[in-house]
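Accompanying notes for the structure given below.
Residue numbers (this note's numbering), protein chains in the order written: chain S, 1 to 158; chain X, 1001 to 1158.
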């Protein structure tokens, strides 16, 4: 895809997330895009992202669902305001609650597809539901409650 | 501590989990222990485990809660059977559902303490609830539904 991902619009000082920050060199650097009213993220697990041999570690699945969902929440906030993601003020979301149902083991030798949709958007709160699939089969379902980051959120040097 | 951790008893072929496998060289290699009727795990986040600068990435928190809880489920199963974790048959658990409430930002420059307790144990299912604290303050709460791995679970080479 040639379009920019949601994460490419995050301000630099908010781009160090291990899951989705484009400036975190050791991180997963996921990329999320609109696909109609849904959002989509593709991710290739590394060989060491194992749970038991051959299958993907549940913590990675939770991480992908988490970061793709907060990205989706941000994109939805811009869309609701009728603004492009490059416009100011920036919108970034924190996770208030994360729920994942693991439906079946997720094969590690396949590209994972995380698809999300907005269940609710109200004020600073966005609820995002999602699926994670491998080879066209849904392996996990997620729900994230995302809250818009306060403008005065205090950043600390790590 | 000189006692062996739960994870040190996992069979070799089930010790490659990114979160808790002692044989996964790139993984987190968490260690969990009994402390009375609770279990405890201490973990020092790496500098790159950031969400926003200064704070811990939510996916890491979910991962720690997940793996510490499945370890706790295994330990509880042995304890219920009145057996030492070194005895056979081994007991390993898979995560069926994971829920995390993020209560406040978690400072990255501190050791995280995950404490878990058994909420329910019935047949092959164990429900584990937990807290994740930094500097004595609870930053997240977790609940994991863990299911005992079937004896005929098919392992694949990754």
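Every residue, glycine too, gets a C-beta built ideally from N, C-alpha and C. These numbers were taken from a predicted model, which means no experiment stands behind them.
9 Å is my cut-off, CB to CB: does residue i come that close to chain S?
i               : result
residue 1039(X) : no
residue 1157(X) : The pLDDT assigned to residue 1157(X) is 44, lower than 50, so where the model puts this residue is not dependable, and the model offers no usable value.
residue 1026(X) : yes
residue 1105(X) : yes
residue 1089(X) : no
residue 1149(X) : yes
residue 1057(X) : yes
residue 1009(X) : no
CB-CB under 6 Å to residue i, same chain, minus the five flanking residues each way: which ones, in chain order?
i               : result
residue 1072(X) : 1039, 1116, 1128
residue 34(S)   : none
residue 105(S)  : 55
residue 1232(X) : With chain X represented from 1001 up to 1158, any question about residue 1232(X) goes unanswered, as that position is not in the structure.
residue 1041(X) : 1030, 1032, 1068, 1114
residue 162(S)  : Any property of residue 162(S) remains undetermined from this structure, which presents chain S solely from 1 to 158.
Based on DSSP bridge pairs, tell me the residues matched to residue i.
i               : result
residue 1133(X) : 1113(X), 1138(X)
residue 1056(X) : 1050(X)
residue 38(S)   : 35(S)
residue 5(S)    : Paired residues: none, contrary to the question.
residue 1030(X) : Answer is none; residue 1030(X) lacks a bridge partner.
residue 148(S)  : 93(S)
residue 143(S)  : 99(S), 129(S)
Rounding to the nearest angstrom, what Cα-Cα distance links residue i and residue j in this structure?
i               : j               : result
residue 1077(X) : residue 59(S)   : 22 Å
residue 6(S)    : residue 1030(X) : 33 Å
residue 1089(X) : residue 1075(X) : 13 Å
residue 1043(X) : residue 1026(X) : 15 Å
residue 157(S)  : residue 84(S)   : Unreliable placement is indicated for residue 157(S), whose pLDDT of 44 sits below 50; the coordinate value is still reported in the next sentence. Distance between the alpha carbons of residue 157(S) and residue 84(S) is about 29 Å.
residue 1098(X) : residue 86(S)   : 34 Å
residue 12(S)   : residue 1052(X) : 10 Å
residue 14(S)   : residue 1119(X) : 37 Å
residue 4(S)    : residue 1149(X) : 42 Å
residue 1107(X) : residue 1048(X) : 13 Å
residue 1151(X) : residue 1010(X) : 14 Å
residue 46(S)   : residue 1046(X) : 19 Å
residue 19(S)   : residue 131(S)  : 17 Å
residue 112(S)  : residue 100(S)  : 15 Å
residue 1161(X) : residue 1063(X) : Residue 1161(X) falls outside the range modelled here, since chain X spans only 1001 to 1158, and no answer is possible.
residue 1082(X) : residue 1036(X) : 15 Å
residue 1137(X) : residue 142(S)  : 27 Å
residue 66(S)   : residue 133(S)  : 15 Å
residue 1070(X) : residue 91(S)   : 36 Å
Going along the chain, which residues of its own chain have a beta-carbon closer than 7 Å to the beta-carbon of residue i, five neighbours each way excluded?
i               : result
residue 1080(X) : 1121
residue 147(S)  : 93, 94, 96, 124, 125
residue 8(S)    : 22
residue 16(S)   : 23, 24
Would you say residue i faces chain A, with C-beta separation under 9 Å as the test?
i             : result
residue 71(S) : Although the question refers to chain A, the structure presented lacks it and instead comprises the protein chains S and X.
Is residue i close to chain X? Criterion is C-beta to C-beta, closer than 9 Å.
i              : result
residue 132(S) : no
residue 138(S) : no
residue 110(S) : no
residue 52(S)  : yes
residue 66(S)  : yes
residue 63(S)  : yes
residue 14(S)  : yes
residue 163(S) : In the structure displayed, chain S extends from 1 to 158; residue 163(S) sits before or after that span and is not available.
residue 18(S)  : yes
residue 46(S)  : yes
residue 35(S)  : no
residue 84(S)  : no
Leaving aside the five residues before and after residue i along the sequence, list all residues of the same chain whose C-beta is less than 8 Å from its C-beta, in chain order.
i               : result
residue 1102(X) : 1058, 1061, 1139, 1140
residue 1050(X) : 1056, 1057, 1108
Completely contained beta strand (DSSP E) runs for the region 1074-1126 of chain X, where each covers 3 or more residues: The region 1074-1126 of chain X is shown to contain whole beta strand (DSSP E) runs of 3 or more residues at 1093-1102, 1112-1122, in chain order.
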